[in-house]
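This report concerns only the one structure given below.
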Amino acid sequence: MTKRPNILIVYTGGTIGMVKDYVTGALKAFDFSQISNKIPELQQLHCTIETISFDEPIDSSNMDVNYYVEIAEIIAENYTKFDGFVVLTGSDTMSYISSAISFMFENLQKPVIFTGSQLPIGDLRTDAKENLITSIQIAAAQENDEPVIQEVGLYFEYKLYRANRTTKISAEQFEAFSSMNYPPLVESGVHLNFNYPILLRSQNKEENLIFRKKLDNNIAVLKLFPGITEKVVKSYLNIEGLKGIILETYGAGNAPTKKWFLDILEAFVKKDIYVVNVTQCAGGSVILGHYETSSSLKHIGIIDGKDITTETAVAKMMYLLGENLAKEEFRNYFESPLRGEINE
Ligand code: ASP
Numbered sequence: 150m151t152k153r154p155n156i157l158i159v160y161t162g163g164t165i166g167m168v169k170d171y172v173t174g175a176l177k178a179f180d181f182s183q184i185s186n187k188i189p190e191l192q193q194l195h196c197t198i199e200t201i202s203f204d205e206p207i208d209s210s211n212m213d214v215n216y217y218v219e220i221a222e223i224i225a226e227n228y229t230k231f232d233g234f235v236v237l238t239g240s241d242t243m244s245y246i247s248s249a250i251s252f253m254f255e256n257l258q259k260p261v262i263f264t265g266s267q268l269p270i271g272d273l274r275t276d277a278k279e280n281l282i283t284s285i286q287i288a289a290a291q292e293n294d295e296p297v298i299q300e301v302g303l304y305f306e307y308k309l310y311r312a313n314r315t316t317k318i319s320a321e322q323f324e325a326f327s328s329m330n331y332p333p334l335v336e337s338g339v340h341l342n343f344n345y346p347i348l349l350r351s352q353n354k355e356e357n358l359i360f361r362k363k364l365d366n367n368i369a370v371l372k373l374f375p376g377i378t379e380k381v382v383k384s385y386l387n388i389e390g391l392k393g394i395i396l397e398t399y400g401a402g403n404a405p406t407k408k409w410f411l412d413i414l415e416a417f418v419k420k421d422i423y424v425v426n427v428t429q430c431a432g433g434s435v436i437l438g439h440y441e442t443s444s445s446l447k448h449i450g451i452i453d454g455k456d457i458t459t460e461t462a463v464a465k466m467m468y469l470l471g472e473n474l475a476k477e478e479f480r481n482y483f484e485s486p487l488r489g490e491i492n493e
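Heads up: the sequence shown is residues 150 to 493, going by the numbering used here.
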């Protein structure tokens with residue numbers, strides 16, 4: 150029998166950590182240090198499990214960059230002691246949180262699996278147990294003495310996705326996430342089926358984990374809609390300290406060709422505000438210059454978000470702004486895959 154991997158569960162909050170008080174009907178936080186008593190099935194897993202919980206469980210809608218740093222610090226401090234990590238957060242902003250963590254760790258060579266649930270762990274019909282048990286199993290999976298997954302993943306309803314490819318798509322279905330532009334890394338059926346050829350591997354195996362924790366959230370998301378007015382777009386010019394805008398465009402990256410609109414975009418670029426073109430479509434990619442309606446964006450100097458999700462564009466923007474890069478470097482990094490978040 151091979152050595153038992155050590156898995157650290159980091160509980161931050163969200164529905165998964167709730168149990169129902171069957172007398173009052175109220176949901177209350179669950180003590181994660183007692184997890185093995187509550188879910189005896191965990192003892193059947195071939196790994197040892199330790200847990201760390203936030204002092205106060207937090208709804209993921211209240212998570213901000215300081216919490217991202219807190220989660221990443223827990224992982225960094227325990228990186229050598231554990232073989233894999235399972236991070237439990239609320240599902241509402243899980244794609245944003247896990248994408249940010251994927252950028253904060255360069256040269257990651259261990260699994261960091263995010264999961265949560267739609268129903269509390271104490272609910273009779275809960276999806277929490279399956280999500281948690283399989284996430285731990287995936288985090289503990291080893292081959293040739295190394296973890297099979299060596300990146301940040303998001304597990305929900307029988308699928309492990311690359312975290313920075315995901316979007317929350319349902320507040321109702323157990324299948325709460327999708328990854329339209331990248332296939333699942335693992336599918337859980339009778340067996341765990343790892344999709345080996347698409348798993349991320351560090352290029353510098355000899356090097357240690359690099360942890361970068363400067364995230365700059367002086368950014369905004371501007372979603373276009375037919376009829377958007379000049380004064381709305383212009384108002385972004387007055388945001389003090391704004392350094393970057395995620396511009397959600399139509400289809401393959403198309404936007405109005407009206408003069409006032411293009412003038413304002415030029416004004417952003419002149420003010421050294423980075424503007425990244427991201428499609429509003431759930432799947433597919435920006436193709437700058439494919440239609441006339443995106444050619445002008447290319448000439449103005451808008452950055453090509455390619456097939457990135459909005460969630461990941463937000464995370465990548467915060468991360469790259471924190472790195473204080475020169476303008477061209479910023480563009481090159483944004484337009485290149487750093488953690489498998491966009492296609493080449
Ligand atoms: N509101 C919860 C949260 O995101 C929902 C969940 O846990 O799924 O924290």
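The beta carbon of each residue, even a glycine, is placed where N, CA and C say it ideally should be.
What residue range does the beta strand (DSSP E) around Thr200 cover? Taking the first residue of the sequence shown as 1, we reach residue 200 at position 51. Residues 197–202.
Sorted by chain position, which residues of the same chain lie with C-beta nearer than 8 Å to Leu373's C-beta, five sequence neighbours on each side aside? In the sequence shown, the residue the question calls residue 373 occupies position 224. Cβ neighbours of Leu373 beyond the five flanking positions: Leu396, Glu397, Thr398, Tyr399, Ala404, Pro405, Gln429.
To the nearest angstrom, how far is it from the Cα of Pro269 to the Cα of Asn186? Here residue 269 is taken as the residue at index 120 of the sequence shown, counted from 1. Here residue 186 is taken as the residue at index 37 of the sequence shown, counted from 1. Each residue's Cα considered, the two are about 17 Å apart.
Using DSSP with H/G/I as helix, E/B as strand and the rest coil, what is Leu303? Residue mapping note: residue 303 aligns to position 154 of the sequence shown, counting from 1. The answer is strand: DSSP assigns Leu303 an E or B state.
Once you ignore the five residues that flank Ser247 on each side, which residues in its own chain have a CB closer than 6 Å to its CB? On the sequence shown, position 98 is the one that residue 247 refers to. Here the set comprises Phe263, Val301, Leu303, Ala312.
The beta strand (DSSP E) spanning Thr161 covers which residue range? Counting from 1 along the sequence shown, the entry for residue 161 is found at position 12. From DSSP, Thr161 is part of no beta strand (DSSP E); its letter is neither H nor E.
Indicate whether Met467 and Leu364 have their beta-carbon atoms separated by less than 9 Å. Translated into positions along the sequence shown, residue 467 becomes position 318. Translated into positions along the sequence shown, residue 364 becomes position 215. The answer is yes: Cβ separation under 9 Å.
Where do the N-terminal and C-terminal ends of the alpha helix (DSSP H) with Ile282 fall, by residue? Within the sequence shown, the letter at position 133 stands for residue 282. Its alpha helix (DSSP H) spans residues 277–289.
Would you check if the distance between the CB atom of Ile156 and the CB atom of Gly233 is smaller than 9 Å? Against the sequence shown, residue 156 aligns to sequence position 7. Against the sequence shown, residue 233 aligns to sequence position 84. Contact: yes.
Please go through the same chain and pick out, in chain order, the residues whose beta-carbon is closer than 7 Å to the beta-carbon of Ser445, but skip the five residues on each side of it. In the sequence shown, residue 445 corresponds to position 296, counting from 1. Hits under 7 Å: Thr406, Leu411.
With a 10 Å radius around its C-beta and 16 neighbouring C-beta atoms as the bar for buried, classify Gln193 as buried or exposed. Here residue 193 refers to the residue found at position 44 of the sequence shown. Exposed, since its Cβ has fewer than 16 Cβ neighbours within 10 Å.
Alpha carbon to alpha carbon, what distance is there between Ile184 and Thr197? For the purposes of this step, residue 197 is taken as residue 48 along the sequence shown, with counting starting at 1. For the purposes of this step, residue 184 is taken as residue 35 along the sequence shown, with counting starting at 1. Distance between the alpha carbons of Thr197 and Ile184: 12 Å.
In DSSP terms, what Val427 is bridged to: Taking the first residue of the sequence shown as position 1, residue 427 is located at position 278. Glu397, per the DSSP bridge assignment.
According to DSSP, is Gly390 part of a helix, a strand, or is it coil? Counting from one through the sequence shown, the residue named residue 390 turns up at place 241. Coil.
Taking a contact to mean a Cβ-Cβ separation below 9 Å, would you say Gly166 touches Pro206 in this structure? Residue 166 sits at position 17 when you count from the first residue of the sequence shown. Residue 206 sits at position 57 when you count from the first residue of the sequence shown. Yes, the Cβ-Cβ distance between Gly166 and Pro206 is below 9 Å.
Cα-Cα, which of Ser443, Ala325, Tyr160, Val235 is closest to Phe203? The residue labelled residue 203 in the question sits at position 54 within the sequence shown. Here the closest residue by C-alpha is Tyr160.
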